[in-house]
Structure formats: structure tokens, C-alpha cells
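Asker:
2 protein chains.
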Amino acid sequence: MSAADTKKEEISEKTRETRDLILRNLQESLGVDKLTKQLETEGKVAHVYWGTATTGKPHVGYLVPMRKIADFLQAGLKVTILFADLHAYLDNMKSSWELLKSRVVYYECVIKALLQSLDVPIDQLYFTKGTEYQLSRQYTDDVLRLSSQVSQRDALKAGAEVVKQVESPLLSGLLYPLLQALDEQYLKVDGQFGGVDQRKIFILAEEQLPKLKLGKRWHLMNPMVPGLTGSKMSSSEEDSKIDVLDEPEKVRAKILGAACSRDQPDNGVLAFYNFVLFPIVSPEAIVISNQQFFEFSALKQAYLDGKLDENALKTFLAEFLVNLLDKVRARCDNDIVREAKEKGYSKIVESEDVSSPEKPLPQLNADQKTWKERIQSGTEVFHEKDLDRVLSTVSSSKPLHIMFVAQGKENSILDSLLLFSRSNLFWIQESQSKEPF
Amino acid sequence: MSAADTKKEEISEKTRETRDLILRNLQESLGVDKLTKQLETEGKVAHVYWGTATTGKPHVGYLVPMRKIADFLQAGLKVTILFADLHAYLDNMKSSWELLKSRVVYYECVIKALLQSLDVPIDQLYFTKGTEYQLSRQYTDDVLRLSSQVSQRDALKAGAEVVKQVESPLLSGLLYPLLQALDEQYLKVDGQFGGVDQRKIFILAEEQLPKLKLGKRWHLMNPMVPGLTGSKMSSSEEDSKIDVLDEPEKVRAKILGAACSRDQPDNGVLAFYNFVLFPIVSPEAIVISNQQFFEFSALKQAYLDGKLDENALKTFLAEFLVNLLDKVRARCDNDIVREAKEKGYSKIVESEDVSSPEKPLPQLNADQKTWKERIQSGTEVFHEKDLDRVLSTVSSSKPLHIMFVAQGKENSILDSLLLFSRSNLFWIQESQSKEPF
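Protein sequences, first through last, are from chains A and B.
Note that this note's numbering has the first sequence beginning at 1222, numbered continuously upward.
Note that this note's numbering has the second sequence beginning at 1222, numbered continuously upward.
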């Protein structure tokens, strides 16, 4: 009997079961010994964190990590979800803090609804955001201390799979791995969970934090799962994602249009069965076209062998998702979510509607022309067509829906406000990112 | 008449003189137009900053930038000297904050005494340190914003001449240029002064800060001047530097031993005449061996032509320096400086004295041996010889001068303190850098 076997026998059956639940479907786990010890310790509640930047909107791809987080909660772990609002801010410096605040609220509501719809206890589920501590004196001190101990090469390597690889990489890309490592300390967690693309950052944390006497955590890694409707489900590509709050018809249409080739079985549809459906349904069977499947491998084999029709496979998944998202949407049917969505994602669609070719540009009178010139001379970021329409609306005395875009230092903002309040005019500006500034 | 000539005529004689004083002896200046405009503006006091990391001790090489700062003060500028204590801390993470605090006090006293001894008005001279604001939320936010806009390559290039070039460069080296650029904003200055080795950092500041709407400053650059007794005067090489508070005989000996080759006229001795002596003495003449020199170029030529004796040249410089440093030492002859020096630089010289071969190691009794073992088991950083001597001193009931080195997190420090207070013992530790931790 090997030493490892002896050790195995030392832990209780319950601990082993709990650990198996925590580790199932993961691609890799570091520090399992430590985790096991914590699970064995009476009165200890092991604490894990998962982080996400609040850039786009939660899509159904989130169900894969959420299903894992459901396992953690089911296993009795304390789970903290970190919304990296500071990272989101830095990622797109055009996002205002007001907007990012609303997005954090939106993310929290949707993710909470997702987990509740997965029928797991959420009394040990906590949410926080990066700006709660990432600009604190102590955190900054630790970031600087880390930066004095981590080489440029190591920081670069750590972020290689996560940080956008552009022609001229930004310095922030080197800092992110350090920030993420330090989050473990400041969230007071015992371990971190993420995609296996985070592996090098996890390794950096395991190597560097102990040098600053900031502890070493265990790390759990999900495999990288292809998106349902594309090679990678991205919140920034409208066509490739299914929004968590999408209407049933949209969900059905997108899934039926998804790639699910028998030649490339590593597709999103099959992955979803593996990482979302089976963990939810087990130990019951999934029944499609009168065939019972108790395990993913059996279903996959049947599909690859042609014993399972593509349409049937997709339809079952679509109905499953629609049913699940129905519950999520019901939980999100409240003013908090509506307001957060409106404030956090108010698209420039309205501006596009206004500029549809059907509506001709209005004629301006002398007064309006003078105002137009005055306003134009004060700003370089101006859409002429929008202005003409706005002036028309103002001249018709209708209420005007406006967005004021604060740019630059207080003085110039104040100047602009004064100018516009004097003129009774505002302008609508289209951002390059198709999202409000 | 060109446009530039026209412009020249627009400024007053007084502004031109002031500007000439500010710009004399500099190697390069950026944004002189802006500076000139500020000098012309009634009621405006232009504000410049110069920064230094409080690592070693101010040596006579500091007289070169101080002489320039004297020009700035004479010209009526407001001058802020920034002590980069955070940089010093990160540069050598073994430095305790307590020690760095004392060093800042020491630097401030000595530099103030230097400038006073140069007979310039110091009512517009201010001192501050990096930790006053460099760990603030706003500053950190700006550092992160900058890091999201500056490429790794640009940060690397900016710091190339200033940041230590080691085999595996640290991430902190990429951050320093950003911090230094932001200092301009947080010190609310109009311009920055530094060695021409800072040029790329200054350029980074001029290019990047405006993108964050944080203003663009002018930059004044001193040439790189060789050290008096070596190719570069470094505070970390004992033999190559003359401490500002060195005794006259030490100063004389070091200067007489300095290289001053006619084949290599870019030496420290001649440079000192150019950048320190002449600016101080002018418009009077420097008289050596009955020869009058009103300008450095004339003196240099005489020396190169062999019309001026090397010994005479060095002796004059030595006496000049001794005379100047006499005044500085007199101003520093007080308890504040003494205490700051003791706390900030308590060298291990004492420990070396103790370990001189004349004094044999004491015999330990049984009790002392037990203590020794107990203490040794608790720490890996221990000098056996020192311990034996310390134990001897303790056993003789003499008061023991100690330095407690706090390392690691609070718990382990507390443990160590408890251990040592129980044992009535402390230890002296020799740092690798030949300076106390």
C-alpha cells in the first residue's frame, strides 16, 4: 500500500464525497491536499473566489462556471464572486463609473438568479467588486512590492493567455496578473476558481504571494468550453452569444443555428450537455428520442454513431435552456434589474433610429443656425446630423431625451454645461464602441 | 526678421535675464516658450520640482543639481524637492519605513544646509516625500489609467537609462517612469528638473499626461557630470564618493587622489569647476597660481595647455569644497541631523569594530549556550560571531546597543520580539548592502 493510499484512508467518506463534488468536471486542480485538509477540519468553511470583469453582459456561457460554483455551494464552500469593475474601467476607459456601477448591479442580479435557478443554497454566496479595495493604500503598496519582485518576463508569461495580445501590449496587461494574485489575499479566500486559461496567473500567485508572506492558495481550473453558437462565446460579438435574458424564440433560433458537427465533437452543444445538463440532471437520465442517457459519454457516442439526430439533440438543449432561462428571467423581472440594465447598457440604438433615412433633415431658421454655430465652435466631437434633428425637436418644444457626456477636466465640463444650459440645447453623441461613454 | 526674433523682442529684459539664469549650464530644455510666458506673467510664480530617491546619503555630487536649484531660487522660482521614499523602499525591500523616515529627515536637513551655504533665498524652497500621496486612491487610479495607455515597450524605453538594467528586469522598473510622470501632476508643478538621463521619462510625461488631461510641463535637463573621484559618483560605492558631511582631511585626500587627466578632460575635477565653482564665484574671477580665470573655458584651456598645475587645481578645489562643506556641517551640527543619521544609517561599522581580530570570542556558560541555541533555531539570518559577543556583553550586564530588524508579517515579528524580550537578548544583523536593513 503506497503512502498516497494510506493518506486516502485517513479522510472520511463524507470528505471524499464533498471533494469529488468540488473537483468533478475540472481540468486541473492545484493544492488539493490543502483543500482536503480544510474539508476535514471541523468548523472550517473553505472559501473560494471566482472573478469576472463587468464588461459586456452575462451570456449563457456563464452557465458553465456557474454550474461549477453550484457544486461548490452544494459542497458547503463559501463562494465569493468578484466583479472586476476596476479592470473593466481600465479595459475601456470610455466607460463612466456610473455606468460600471449599474453593470455590477446587473451582473449580481443575473448571476444570483442563475444560481438560484440551479436550485443550490446561496446563503454562502457573496458578491464584491474590485474597487472596494483595489485602490486602497495597502493594496497599492502590495502591488508595488509585488512589482519589485516579479520580473517583466514572468508577468508577461503569466498574462499571456488572458491579456489581449495586441501589437503593442499595454503595461496594464503586465499588472493584471499581480492584481488578480493579490485579490486572493484581500478577499481572504482559501482558493481561487477559474478557467484553465488562468493557470499561469494561478501559478504566479502560488509562487509570489508566499514571498510577501501573503499565503498560498489552492486553485481549481475549469476546461475551456467552446461557445454554444461559435468557436468562442464572446460577450462582445452579438451573433455569437445567447444573452441570459434573451427571449425563448431567440434562444431556440440561435441553438438550432449552432455548429454541432460530428467531425468536430468539441463543439458548444455537446460541451453544454457535458458541463451543464448532465451535472444538473444526474443522477436522473436525459431522455432524447426515447433514448435514456445517464452519462455524457454515452450520449456523445450515440450522437457520433448517428444514433441520435442533430435536430433532436439541439431541440432538447434549447427547451432545457429556455426552461432554465425562464426561471432566471422571472427572478430578474423587477425594477432593480431593469434600471441597472438601462443605466449600464443604454445603447445608442435611439440615436440610430433618429438617423434612419426616412426622416429628412429639418430646415433650420436663423436663430437655430446661430446656435448651431456657437455650439459647434465649442466642441470637436459633434455629429452634424444629430444636431440638426435635435434643433428640430427643440424648436418643436417637445421634451428632448439627452445624455451629457463628461469629458476632460472639471473646468471644461462646467464650461460645456453652462454653454448648453444657456442655449437650452444638448447633443447626442455616438460613441465608437456603440456604447455610451 | 523671423517670427522667433519678433517673439524675442516681446519679452522684457528682466524676463530674458531670469530665463538665462534658469537655463544656464543646462544640456537641454523642453517647453521654454511656456516657461518664458510664465515668467512674463505678473503674479505668477513658476514652480519646478527635482526628485531623488533616499537610498544612500547625499554626496558632493549633489552640489551640481543643487547649484542649478540655487539658480532657480535666485531666479524667483518656487522649488519643490521630492524625496522618493516609496521608490527607495521598493528598491531595497529590506529597508524599514522607520529607517526611510529618518533618511528623509537627514536628506532634507543636509540639502537645506547645502542650499543655504550657497547663499540663495530659500523661502520658496519646499520639501515633500513620495509616500505623502503616491499610495493615495486618486494617484493609484491615475497610475492604472496610465498603464492602460502606455505600452510595455514605451515604458521600457522611458526607463532605459534610469532603471537598473539587470538580466531579468523587474516589473517595477516599468512602473517608475509612470510614477515620476504623475508626480508632476500631484506636486502641482509647472516643470521638472533632472539629469539628461531622465530625458525619456520627461518625454513620456509630455506625451502621456495630456492624454489624461493632466497637463504638459516644461523640462530642464542637467548634463551628466562625472563624479569627483570616479567615473560616476555613486552613493553606494564608498571609495567613489565624498560625503557632504565628510571631515576636511578626508575631503582633501579624496580630491587629491581623484583622476584629472589632461587626456580625458571630461573628468570630475574640471566638471566641478564648470558646474559648481564658476557659477558660485562669477562674476568674480577664480585665482589659482596667480592666474585669473573669469570663465571655465579659459581655465580648462590653461590646464590642458599645461599652464596650470594639477596639484594647484586640485588644492584650490579641495579648499573651496572644505570651506563650503564647513558651512554645511555647521548648519547640520544639531540633534535632529545626528538622530536622523543614527537612525537612518546606523552602519554595521560598529559590528565590524567589535569583530576586529584583537578581541577574542568570549567563552559562553551553560545558560548562555542554551539561549544561543534557542535563538538560533528561531532565525536563519544570524551571525554567529556577533551572537557570541552579544551574549558576552549581556552577561557582563553592560547596556547593549541594539537594532531590531523587523522582517515578515506582524505575527512573526511579534514572536521574535517576545522571544528576545524573554531572553533579554537582541542581535545585530549585517545586511548584504553594507547598510542596515
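By construction, the Cβ of each residue, glycine as well, lies at the ideal position given by its N, Cα and C atoms.
To test your reading of the DSSP string, which unbroken alpha helix (DSSP H) runs of 4 or more residues are found completely within the region 1287-1374 of chain B?
Answerer: Runs of the alpha helix (DSSP H) inside the region 1287-1374 of chain B: 1306-1312, 1318-1338 and 1358-1368.
Asker: Note down, in chain order, all residues in the region 1365-1377 of chain A with a beta-carbon under 9 Å from any beta-carbon belonging to chain B.
Answerer: L1365, R1366, L1367, S1368, S1369, Q1370, V1371, S1372, Q1373, R1374, D1375, A1376 and L1377
Asker: Starting from the Cα of D1306 (chain A), find the closest Cα among A:Y1270, A:A1296 and A:S1323 and give me that residue.
Answerer: Here residue 1306 (chain A) corresponds to residue number 85 of the first sequence, with the count starting at 1. For D1306 (chain A), the closest C-alpha among the options A:Y1270, A:A1296 and A:S1323 is that of A:S1323.
Asker: Which same chain residues end up closer than 8 Å to L1244 (chain B) when comparing Cβ atoms and leaving out the 5 residues on each side of it in sequence?
Answerer: As a first step, residue 1244 (chain B) must be located in the second sequence, where it is residue number 23. S1250, V1253 and L1441, listed in sequence order.
Asker: Interface residues of chain B around T1361 (chain A) at Cβ under 7 Å?
Answerer: In the first sequence, residue 1361 (chain A) corresponds to position 140, counting from 1. What T1361 (chain A) touches in chain B: L1356 and T1361.
Asker: Are the CB atoms of L1400 (chain A) and H1268 (chain A) within a distance shorter than 9 Å?
Answerer: In the first sequence, counting from the first residue as 1, residue 1268 (chain A) sits at position 47. In the first sequence, counting from the first residue as 1, residue 1400 (chain A) sits at position 179. No; because the gap between Cβ atoms is not below 9 Å, this pair is not in contact.
Asker: Can you pull the chain A neighbours of P1390 (chain B), defined as C-beta to C-beta under 7 Å?
Answerer: Indexing the second sequence from 1 puts residue 1390 (chain B) at position 169. Neighbours of P1390 (chain B) on chain A, chain order: S1372 and Q1373.
Asker: Hey, could you find the ends of the alpha helix (DSSP H) E1261 (chain A) is sitting in?
Answerer: As a first step, residue 1261 (chain A) is located in the first sequence; it is residue number 40 there, counting from the start. Counting along the chain, the alpha helix (DSSP H) containing E1261 (chain A) begins and ends at V1253 to E1261.
Asker: Using a Cβ cut-off of 8 Å, which residues of the region 1320-1339 of chain A contact any Cβ in chain B, in chain order?
Answerer: The residues in question: there are none.
Asker: Distance check for G1565 (chain A) and V1331 (chain B), CA to CA, integer angstroms please.
Answerer: In the second sequence, the residue the question calls residue 1331 (chain B) occupies position 110. In the first sequence, the residue the question calls residue 1565 (chain A) occupies position 344. Their backbone Cα atoms lie some 55 Å apart in a straight line.
Asker: What are the complete beta strand (DSSP E) segments, minimum 3 residues, inside the region 1495-1526 of chain A?
Answerer: 1507-1509 and 1512-1514
Asker: Using a Cβ-Cβ cut-off of 9 Å, state whether G1412 (chain B) counts as contacting chain A.
Answerer: Here residue 1412 (chain B) is taken as the residue at index 191 of the second sequence, counted from 1. Not closer than 9 Å to any Cβ of chain A, the Cβ of G1412 (chain B) fails to qualify, so no.
Asker: Can you pull the chain A neighbours of S1393 (chain B), defined as C-beta to C-beta under 7 Å?
Answerer: Residue numbering aside, residue 1393 (chain B) sits at position 172 when the second sequence is read from its first letter. What S1393 (chain B) touches in chain A: L1365, S1368 and S1369.
Asker: Would you mind giving the Cβ-Cβ distance between L1339 (chain A) and A1291 (chain A), rounded to the nearest angstrom? I have them listed as a contact below 8 Å.
Answerer: Here residue 1339 (chain A) refers to the residue found at position 118 of the first sequence. Here residue 1291 (chain A) refers to the residue found at position 70 of the first sequence. That pair is a contact at about 4 Å.
Asker: Per DSSP, what kind of secondary structure is G1412 (chain A) in: helix, strand or coil?
Answerer: Residue 1412 (chain A) sits at position 191 when you count from the first residue of the first sequence. Strand, per DSSP.
Asker: Any idea what DSSP makes of V1269 (chain A), helix, strand or coil?
Answerer: As a working mapping, residue 1269 (chain A) is identified with position 48 in the first sequence. DSSP places V1269 (chain A) in strand when its eight states are reduced to three.
Asker: Which of the three DSSP states is assigned to R1237 (chain B) in this structure?
Answerer: Against the second sequence, residue 1237 (chain B) aligns to sequence position 16. Looking at R1237 (chain B) - three-state DSSP - the assignment turns out to be helix.
Asker: Could you say which of A:S1233, A:R1288 and A:L1320 lies nearest to N1495 (chain A) if we only look at CA atoms?
Answerer: Locating residue 1495 (chain A) in the first sequence gives position 274, counting from the first residue. Among A:S1233, A:R1288 and A:L1320, the Cα nearest to that of N1495 (chain A) belongs to A:R1288.
Asker: For chain B, find out if any of its Cβ atoms is closer than 9 Å to the Cβ of L1396 (chain A); answer yes or no.
Answerer: For the purposes of this step, residue 1396 (chain A) is taken as residue 175 along the first sequence, with counting starting at 1. Chain B contact via Cβ: present.
Asker: Measure the C-alpha to C-alpha separation of L1621 (chain B) and I1302 (chain A) and round it to an integer number of angstroms.
Answerer: Working through the second sequence from its first residue, we reach residue 1621 (chain B) at position 400. Working through the first sequence from its first residue, we reach residue 1302 (chain A) at position 81. Reliability of the predicted coordinates at L1621 (chain B) is poor, the pLDDT of 37 falling under 50, and no value is obtained from them.
Asker: Can you round the beta-carbon distance between I1372 (chain A) and L1391 (chain B) to whole angstroms, since I take them to be within the 8 Å contact cut?
Answerer: In the first sequence, residue 1372 (chain A) corresponds to position 151, counting from 1. In the second sequence, residue 1391 (chain B) corresponds to position 170, counting from 1. The residue you asked about is not Ile; residue 1372 (chain A) is Ser in the sequence shown. Rounded, the Cβ-Cβ distance is 6 Å, consistent with contact.
Asker: Going by beta-carbon coordinates alone, are C1481 (chain A) and V1490 (chain A) separated by less than 9 Å?
Answerer: Sequence index remark: in the first sequence, residue 1481 (chain A) carries index 260 (1-based). Sequence index remark: in the first sequence, residue 1490 (chain A) carries index 269 (1-based). Yes, Cβ-Cβ distance for C1481 (chain A) and V1490 (chain A) is below 9 Å.
Asker: Is the shortest distance between the beta-carbon of L1307 (chain B) and the beta-carbons of chain A less than 9 Å?
Answerer: Your numbering for residue 1307 (chain B) matches position 86 in the second sequence. So, interface residue.
Asker: How close, in whole Å, do the beta carbons of I1509 (chain B) and L1534 (chain B) come, if the pair is a contact with beta carbons under 8 Å?
Answerer: Translated into the one-based positions of the second sequence, residue 1509 (chain B) becomes position 288. Translated into the one-based positions of the second sequence, residue 1534 (chain B) becomes position 313. Confirmed, Cβ separation roughly 6 Å.
Asker: Could you say which of B:N1488, B:P1398 and B:L1367 lies nearest to E1382 (chain B) if we only look at CA atoms?
Answerer: Along the second sequence, read from residue 1 onward, the residue named residue 1382 (chain B) stands at position 161. The residue with the shortest Cα to Cα distance from E1382 (chain B) is B:P1398.
Asker: Using 8 Å as the threshold, is the region 1351-1358 of chain B in touch with the region 1351-1359 of chain A, meaning 3 or more CB pairs across them?
Answerer: Yes: at least three Cβ pairs fall under 8 Å.
Asker: Which residues in the same chain as I1343 (chain A) place their Cβ atom closer than 8 Å to its Cβ, once the five residues preceding and following it in sequence are excluded?
Answerer: Position 122 of the first sequence, counted from the first residue, corresponds to residue 1343 (chain A). Excluding residues up to 5 positions away in sequence, L1294, K1333, L1336 and Q1337 lie with their Cβ nearer than 8 Å to the Cβ of I1343 (chain A) in the same chain.
Asker: Going straight from the alpha carbon of V1465 (chain A) to that of Q1259 (chain A), what length do you get?
Answerer: Position 244 of the first sequence, counted from the start, is the residue given in the question as residue 1465 (chain A). Position 38 of the first sequence, counted from the start, is the residue given in the question as residue 1259 (chain A). Cα to Cα, the separation comes out at about 34 Å.
Asker: Taking only beta-carbon atoms, is L1311 (chain A) less than 9 Å away from chain B?
Answerer: The count along the first sequence starts at 1 and reaches residue 1311 (chain A) at position 90. With its beta carbon less than 9 Å from one in chain B, L1311 (chain A) belongs to the interface.
Asker: Keeping to the same chain, check which residues put their C-beta closer than 7 Å to that of P1486 (chain A); ignore five residues upstream and five downstream.
Answerer: Taking the first residue of the first sequence as 1, we reach residue 1486 (chain A) at position 265. When the five nearest sequence neighbours on each side are left out, the beta carbons in the same chain lying within less than 7 Å of the beta carbon of P1486 (chain A) are those of K1521 and L1525, in order along the chain.
Asker: Classify D1464 (chain B) as helix, strand or coil using the three-state DSSP reduction.
Answerer: Counting from one through the second sequence, the residue named residue 1464 (chain B) turns up at place 243. In this structure, D1464 (chain B) counts as strand in the three-state DSSP scheme.
Asker: State the DSSP-derived secondary structure class of N1544 (chain B), mapped to helix, strand or coil.
Answerer: The residue you call residue 1544 (chain B) lines up with position 323 of the second sequence. DSSP places N1544 (chain B) in the helix class (H, G or I) of the three-state scheme.
Asker: Assuming I1164 (chain B) and L1538 (chain B) are in contact, meaning their beta carbons sit under 8 Å apart, how far apart are those beta carbons, in whole angstroms?
Answerer: The question about residue 1164 (chain B) has no answer, for chain B in this structure spans 1222 to 1658.
Asker: Go ahead and pull the three-state DSSP assignment for E1388 (chain A).
Answerer: Indexing the first sequence from 1 puts residue 1388 (chain A) at position 167. Note: E1388 (chain A) maps to coil in three-state DSSP.
Asker: For chain B, check one thing: does any of its Cβ atoms lie closer than 9 Å to the Cβ of L1425 (chain A)?
Answerer: For the purposes of this step, residue 1425 (chain A) is taken as the residue at position 204 of the first sequence. Cβ-Cβ to chain B under 9 Å: no for L1425 (chain A).
Asker: Within 10 Å of its beta-carbon, does V1387 (chain A) have 16 or more other beta-carbons around it, so buried, or fewer, so exposed?
Answerer: To locate residue 1387 (chain A), count along the first sequence from 1; it is residue 166. Only exposed fits V1387 (chain A), as fewer than 16 other CB atoms lie within 10 angstroms of its CB.
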